Amino acid sequence: METRVSSPTREAIISNDQPTALIGERINPAGKKKLAEALKAGNLEMVRKEALAQAQAGADILDINVGTFGVDEVTLLPQAVKTVIETTDLPLCLDSADPKALEAALKVYKGKPLINSVTGEEHSFTKVLPLVKEYGAAVIGLLQDDAGIPKDSERRVAVAHKIVERAEAAGISREDIIIDCLTFAVGADPNSGLAVIEAIRRIKAELGVNITLGASNLSFGLPDRDLLNSAFVAMAVASGVTCLIVDVVKVRPAILAADLIMGRDKRARRYIEAYRQRQGPKELS
Ligand code: THG
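For what it's worth, our numbering labels the leading residue of the sequence shown as 3, then goes sequentially.
Shown next as structure tokens:
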């Protein structure tokens with residue numbers, strides 16, 4: 003099961019046989035006052051900076067989300083996409099709840115992007131799946147439906163089945179569907195970590211699809227978020243995710259360690275290379 007996304011010059015392959023693919027989450031105004039203000043003013047310099055920083059930190063794909071109060075996403079999402087394309091050659095993940103904004107961004111994108119996301123809701127199937135098909139994109143399926151957000155793993159598995167069925171019926175191949183098992187704050191509900199780990203295992207066994215998570219959601223409201231996120235991404239990799247939406251700058255080392263432990267980094271090449279880079283250039287003695 004391989005999901006391929008691309009820019010004109012780079013391809014990212016999401017699969018069990020590859021290291022975990024890292025989607026950089028930092029172009030997103032949620033919780034970032036300065037970025038939200040800049041976006042409202044139509045200033046994309048911070049977007050450019052975050053794109054560069056994440057590319058340098060080893061992101062494979064960049065998530066682009068400009069949704070915040072006072073921003074017209076239909077205008078701004080394609081502008082942000084253009085800015086990032088000028089800055090890095092990484093494939094992009096277009097993140098919006100507004101199908102019109104997704105379509106405007108798809109029009110300016112070159113290559114095969116990831117669309118973030120379709121949900122199990124009827125209106126989402128109707129609006130988003132035709133875009134995925136028409137533009138030949140891959141898509142993240144978010145496990146919520148018209149009955150709401152499923153907290154237990156049982157219902158998440160049911161919604162995953164529904165999304166895969168509807169996407170396939172719309173002519174999208176299973177390779178192009180990545181299921182997001184939905185991560186909630188463990189500080190608000192002590193069951194959220196376990197529920198998502200169970201959902202990963204079951205959905206992977208039953209549907210065979212690639213699986214992702216917005217892993218940073220787990221640590222909302224708690225101190226030392228990087229520690230919690232690092233522990234969680236390692237468990238997620240062990241449970242079978244093939245792709246993670248994360249702060250690459252902060253948690254890539256934990257993911258590389260987990261990949262190595264799970265046999266996804268032959269000869270520890272990536273792990274050692276990242277260690278060397280963190281040490282910086284050494285003087286010859
Ligand atoms: N699934 C999918 N897409 C998603 C999510 C998901 N997109 C958005 C989100 N969830 C993933 N992205 C983020 C981005 C930022 C944060 C969490 C998830 C975050 N930001 C800090 C805050 O809000 O406090 C701000 C950090 C800073 O100041 O640098 O935690 O689940 N498919």
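For every residue, glycine included, the Cβ atom is placed at its ideal position computed from N, Cα and C. Just so it is clear, the structure is predicted and the values come from calculations on it, not from any experiment.
Segment limits, beta strand (DSSP E) that includes G1: No answer is possible for residue 1: it lies beyond the span of the chain, which begins at 3 and ends at 287.
Uninterrupted beta strand (DSSP E) stretches inside the region 123–150 (no shorter than 3 residues): 140–147
Straight-line Cα distance separating D261 from L224: Taking the sequence shown and counting its residues from 1, the one referred to as residue 224 is at position 222. Taking the sequence shown and counting its residues from 1, the one referred to as residue 261 is at position 259. Computed Cα separation, rounded: 26 Å.
Spatial distance of D74 from V68 (CA atoms): Within the sequence shown, residue 74 is the residue found at index 72, counting from 1. Within the sequence shown, residue 68 is the residue found at index 66, counting from 1. Near 9 Å, if we compare the C-alpha coordinates of V68 and D74.
V86 vs A32 beta-carbon contact at 8 Å: For the purposes of this step, residue 86 is identified with residue 84 of the sequence shown, where counting begins at 1. For the purposes of this step, residue 32 is identified with residue 30 of the sequence shown, where counting begins at 1. For V86 and A32, no; Cβs fall outside 8 Å.
Whole-angstrom C-beta distance between L145 and A162, which should lie under 8 Å: Your numbering for residue 162 matches position 160 in the sequence shown. Your numbering for residue 145 matches position 143 in the sequence shown. About 6 Å separates the two Cβ atoms, so the contact holds.
CB-CB length for L246 against I257, believed under 8 Å: Here residue 246 refers to the residue found at position 244 when the sequence shown is read from its first residue. Here residue 257 refers to the residue found at position 255 when the sequence shown is read from its first residue. With 8 Å as the limit, L246 and I257 qualify as a contact, their Cβ atoms being about 7 Å apart.
Contact test: R185 Cβ vs the ligand THG heavy atom, cutoff 7 Å: In the sequence shown, counting from the first residue as 1, residue 185 sits at position 183. This sequence places Thr at residue 185; Arg is not what is there. Yes - the ligand THG has a heavy atom lying nearer than 7 Å to the Cβ of T185.
C-beta contact flag for I213 and T244 at 8 Å: The count along the sequence shown starts at 1 and reaches residue 213 at position 211. The count along the sequence shown starts at 1 and reaches residue 244 at position 242. A contact, by the Cβ cut-off of 8 Å.
At least three beta-carbon pairs within less than 8 Å, the region 79–93 to the region 127–135: no
Cβ shell of A106 (< 7 Å), same chain only, five flanking positions each side left out: Counting from 1 along the sequence shown, the entry for residue 106 is found at position 104. Once the five neighbours on either side are set aside, the close Cβ partners of A106 are V76, L79, P80.
K34 Cβ short of 7 Å to the ligand THG heavy atom set: Taking the sequence shown and counting its residues from 1, the one referred to as residue 34 is at position 32. Yes, the Cβ of K34 comes within 7 Å of a heavy atom of the ligand THG.
Proximal residues to L41 (C-beta, below 7 Å), its chain only, five neighbours per side dropped: Taking the first residue of the sequence shown as position 1, residue 41 is located at position 39. Cβ within range, chain order: P31, V68, T70, V73, L78.
I151 beta carbon less than 8 Å from that of I117: Reading the sequence shown from its first residue, position 115 is the one you call residue 117. Reading the sequence shown from its first residue, position 149 is the one you call residue 151. No, these two residues do not count as a Cβ contact at 8 Å.
Backbone CA spacing between D97 and I66 [nearest angstrom]: Counting from 1 along the sequence shown, the entry for residue 97 is found at position 95. Counting from 1 along the sequence shown, the entry for residue 66 is found at position 64. Using only the alpha carbons, I get a separation of about 6 Å.
E27 CB to nearest heavy atom of the ligand THG below 7 Å: The residue labelled residue 27 in the question sits at position 25 within the sequence shown. E27: yes, Cβ under 7 Å from the ligand THG.
Contact the region 226–235 vs the region 268–284: 3+ CB pairs below 8 Å: no
Whether C183 touches I202 by CB criterion (8 Å): Numbered from its first residue, the sequence shown carries residue 183 at position 181. Numbered from its first residue, the sequence shown carries residue 202 at position 200. In contact: C183 and I202 (Cβ atoms closer than 8 Å).
DSSP beta-bridge partners of N67: Counted from its first residue, the sequence shown places residue 67 at position 65. None, per the DSSP bridge assignment.
Residue(s) in a DSSP beta bridge with V248: Position 246 of the sequence shown, counting from 1, holds the residue named residue 248. Its beta-bridge partners are G26.
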